[in-house]
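FYI, our numbering numbers position 43 of the sequence shown as 283, with every residue one higher than the one before it.
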Amino acid sequence: MSPRQLKVAACLFALAVAGAVFFLPSGGQYVEYAAVDVAPAARPVVVAPKTSVASPVVASVSPATQSDERAKAGTISLGGVTEAMAASAKPVPATQTASPANAGSSSNAASAGGAPLYRPAFLASIAERESAADVAGVPREDFVKACDRDHDLHIAASGHGPFYMCAGLKAPIGPDVTAVTTTPSYPTAQTFKLHSRPTATRKIYLDFNGHVTTGTPWNTAFNKATFTTPPFSLDANTAAFSAAEHAAIQYVWRSMAEDFARFDVDVTTEDPGVEYLRRTSLAGTTYGMRIVFGPDQNATGSGGQAYVGSFGAIRTNTQPDNPCFVYAGTGASSKFMAEAGAHEAGHTVGLFHDGTQTGGLQYFGGHGTGATSWAPIMGVGYSKDIVQWSKGEYTDANNTQDDIAVIGGYLPVVTDDHGGTTTAATVITGNSITGGGLINGANDVDTFKINAGRGKLVITPKGALISPNLRLQVKLLKSDGTVLNTYDATGMTGKMAPDPITYTVTEDGTYYIQLDGIANGTGATDGYTDYSSIGVYGLSATWLEPGNKPPIADASLSSSLSYDYQLQPSEVVSFNGSLSYDPDGVLVRYLWNFADVYPSTSGDPITTHRYRAPGIYKPVLTVTDDRGASSSALLTVNVVGQRKANTFSLAVNSASFVRVNSVSDAVNANIYIQDQYGNPLKSAVVTVRVSGLVSAPPVMARTDIFGKVTVSSPLFKRAARGTVRIDIDRVTSATHTYVPADNLAPTFVTVTR
């Protein structure tokens with residue numbers, strides 16, 4: 241060849257090599273494609289958000305286009321409000337066949353024929369990247385940077401829309417540390433009726449029922465008129481869902497509902513129909529994204545695939561919706577499907593991968609352990625407990641895209657459900673609350689106003705148990721906004737809300753319960769900031785209404801409910817009132833009235849008393865609180881033994897000199913009368929005569945309730961000396977007979993000086 245011919249040949253060879261590089265897959269490991277027949281995607285128009293739903297519900301009005309079978313199933317609420325849905329047989333699309341060609345083998349992928357229409361985006365020129373960004377409706381600068389770092393991002397040679405084939409998101413190999421539980425959270429009849437926000441017009445449909453993909457950009461890309469993803473299955477049986485499969489589906493729904501809780505989008509397992517997924521005009525507000533969960537039918541070798549910014553992309557009235565995929569085979573875990581589902585949905589709302597700058601890691605696997613175990617959704621969080629949206633706050637992040645803000649360009653944010661200040665707080669009447677709400681951003685605080693009386697305020701907060709994003713903090717505030725106490729969740733999965741709280745209110749008045757999402761760790765090398773500590777929570781609380789509450793008297797007999805007064809001469813009754821309490825204050829007084837024949841009492845919470853006669857006694861405990869309110873408790877004591885005839889005798893007869901004034905003295909006599917059992921006898925009449933140093937005619941006195949009379953002699957000068965004698969001349973009773981032989985004291989007494 242001549243030199244000129246050699247130059248021409250070299251140029252042709254170089255062009256051929258360049259063409260091969262452009263049109264052939266990179267590395268021989270995966271083939272990724274983008275749309276060729278989809279109209280340029282415009283950013284969705286954000287409409288005024290609907291009123292927020294406080295917590296996920298299982299309810300939906302079936303669209304008119306849904307099948308009769310689905311319409312018959314009715315709707316179900318999370319609380320089990322309505323009837324069960326239809327049997328859980330796995331639906332098979334009408335066009336699906338049992339052909340082995342749909343098994344997702346490598347030979348099936350090879351049968352596509354023709355050169356790939358797309359290549360890794362990092363090989364494309366800046367102009368090509370910018371053109372693809374315009375098609376996807378994402379910022380050029382962000383997309384161009386993503387092309388350099390995300391080698392799983394592909395664009396079309398002709399400038400059509402880009403998409404991800406997430407090879408780094410493949411299901412983990414080896415023992416699954418997040419094994420599927422065989423116990424579903426809800427009845428299996430509800431598995432395909434789950435809705436996180438049923439009133440939302442935008443849908444994220446989790447399709448586990450099998451799907452025929454036809455007439456979409458994927459078909460053009462793979463050069464297949466149709467390909468069928470069979471129903472999700474963890475075993476060889478694709479005809480019916482097992483309990484483990486129901487549990488896995490419900491887990492995925494609960495996890496993704498938490499991830500998208502901030503946005504007015506319904507994460508649902510109920511097929512809304514193509515008319516409710518396809519957007520045919522920019523003015524349309526009813527559309528969504530189908531995420532197909534099932535085996536990889538095109539042997540991509542990835543964990544899932546999605547078109548960038550495709551949520552809300554315009555489709556014609558004759559085109560089906562354009563789904564994204566999570567490649568879940570028989571070894572798929574709930575954790576993998578939940579994280580991969582949110583990840584692929586993230587791509588459809590304009591998100592790129594979260595990796596690291598050092599080493600060019602495309603998928604950041606997270607950092608921290610235990611309570612600070614964290615990873616970004618757009619990385620890969622299979623081994624971490626808390627997986628959240630990110631804005632690249634961790635060390636060495638290669639992507640500072642604000643996930644929440646970007647998603648907000650596609651999905652409207654729900655209206656704040658509860659005010660965050662004391663003036664805007666949600667007012668709760670009565671003395672209890674059972675409800676919940678949503679912390680929908682780092683600056684969102686929910687505040688509840690209550691009017692509580694003195695006593696126990698019990699608060700039970702709850703967070704999501706499945707893949708939670710929200711670490712909840714609860715504060716209790718006084719009426720002036722002063723913080724009385726702060727309660728933080730531990731931060732572990734299952735402990736993302738504080739333990740039940742009991743606080744003693746000491747003054748009647750207004751109080752505030754305030755809830756917030758908080759950080760855990762630094763966010764740089766472990767844990768996370770409060771940026772994405774958002775999600776749903778539950779709240780129940782009870783308190784006492786204002787105003788003094790009477791105390792509660794609690795009296796019991798710890799021994800001797802019944803005994804024989806003769807055969808058990810040392811037996812006593814033990815009384816216990818220590819369990820008495822005041823619900824809104826403190827007890828200041830205990831008073832036991834033993835209801836004996838004389839008013840014996842005690843002021844101690846725990847005391848004893850001996851009943852010395854047979855009978856049924858009704859002792860009473862009365863307690864009084866610090867504000868004067870009181871209450872009583874009645875007991876019964878049964879004392880048995882031989883009953884005696886009603887008699888009485890003299891128990892005590894004593895006398896002594898007493899000083900009356902500065903010049904006079906007197907003698908006082910104290911006389912006690914007892915009945916046949918030794919108890920005081922009241923109303924007995926005693927006749928007493930005084931003689932000696934001074935004298936007085938006989939006088940009569942009646943015994944009091946203690947069986948006592950006191951008699952005083954006439955006065956005499958203090959200097960007088962001599963003897964004074966007190967004689968009991970007569971004792972009578974209307975109910976008892978006097979028996980002098982039973983007297984324990986003489987009928988007279990003398991004192992001398």
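The C-beta atom is built at its ideal place from N, Cα and C for all residues, glycine as well. What you are looking at is a predicted structure, and each value in this text was computed from that prediction instead of being measured.
Residues bridged to residue i (per DSSP)
| i | result |
| --- | --- |
| P616 | Q628 |
| W832 | S842, L861 |
| S904 | K957 |
| T466 | T454 |
| C564 | I531 |
| S365 | Answer by DSSP bridge pairing: none, since S365 is not bridged. |
| L716 | N725, I753 |
| V925 | R942, T972 |
| K948 | Y912 |
Rounded Cβ spacing between residue i and residue j (contact assumed at less than 8 Å)
| i | j | result |
| --- | --- | --- |
| P786 | D822 | Their Cβ separation, rounded to whole angstroms, is 15 Å, which puts P786 and D822 out of contact at 8 Å. |
| T927 | P938 | 5 Å |
| R958 | S904 | 7 Å |
| Y622 | E579 | 6 Å |
| Y752 | T687 | 5 Å |
| A615 | M732 | Their Cβ separation, rounded to whole angstroms, is 15 Å, which puts A615 and M732 out of contact at 8 Å. |
| V925 | M940 | 6 Å |
| P438 | D506 | 6 Å |
| A737 | K702 | 5 Å |
7 Å CB neighbourhood of residue i in its chain, flanking five on each side removed
| i | result |
| --- | --- |
| E370 | R380, V384 |
| A981 | none |
| T847 | F815, W832 |
| F897 | D905, V907, V991, R993 |
| C387 | A361, F362, A364, R369, L393 |
| T421 | The predicted position of T421 is uncertain, since its pLDDT is 46 and thus under 50; a value taken from the coordinates is nonetheless stated next. Counting only Cβ-Cβ distances below 7 Å, and skipping sequence neighbours, we find A487. |
| A304 | Residue confidence for A304 is low, a pLDDT of 30 falling below 50, so the modelled location carries little weight and cannot support an answer. |
| A764 | E633, Y634, T635 |
Simplified DSSP assignment, three categories, for residue i
| i | result |
| --- | --- |
| P296 | The pLDDT assigned to P296 is 34, lower than 50, so where the model puts this residue is not dependable, and the model offers no usable value. |
| T666 | strand |
| P740 | coil |
| L409 | helix |
| S371 | helix |
| T418 | The predicted model places T418 with a pLDDT of 39, which falls under 50 and marks its position as unreliable; any figure quoted below should be read in that light. Here T418 sits in coil by DSSP. |
| L874 | strand |
| T990 | strand |
| M732 | coil |
| Y912 | strand |
| T943 | coil |
| H607 | strand |
| D982 | helix |
| K884 | coil |
| N691 | strand |
| V698 | strand |
| K443 | strand |
| S935 | coil |
| T508 | strand |
Contact set for residue i: own chain, Cβ-Cβ below 8 Å, skip 5 residues either direction
| i | result |
| --- | --- |
| V826 | D865, D866 |
| T428 | S328, F481, A483, H486 |
| D447 | D511, R530, I531, V532, F533, P563 |
| T640 | K631, G632 |
| D642 | K631 |
| T977 | A885, N886, T887, F888 |
| A936 | R929, V930, S953, P954 |
| V646 | V589, G590, L591 |
6 Å CB neighbourhood of residue i in its chain, flanking five on each side removed
| i | result |
| --- | --- |
| Y912 | A891, V892, G947, K948 |
| T596 | F604, D636, N638 |
| G549 | A281, A376, G377, V378, G590 |
| D188 | With the chain running from 241 to 993 in the structure shown, residue 188 is simply not present. |
| I679 | L710, G757, I774 |
| S802 | N878 |
Answer yes if the segment 881-891 comes into contact with the segment 966-982, meaning at least three C-beta pairs across the two stretches below 8 Å, and no otherwise. yes
contact_flag[the segment 513-526, the segment 450-459] where n(CB pairs < 8 Å) is 3 or more: no
Should the segment 484-501 be regarded as contacting the segment 691-709, the criterion being three or more beta carbon pairs within less than 8 Å? yes
Are the segment 792-811 and the segment 849-861 in contact at 8 Å, needing three or more beta carbon pairs? yes
Does the segment 649-666 come close enough to the segment 463-483 to have 3 or more Cβ pairs within less than 8 Å? no
Counting pairs of beta carbons, one from the segment 765-774 and one from the segment 690-705, are three or more of them closer than 8 Å? no
Would you check if there are 3 or more beta carbon pairs closer than 8 Å linking the segment 793-801 to the segment 855-864? yes
I want to know whether the segment 674-690 touches the segment 737-745 - three or more CB-CB distances under 8 Å. no
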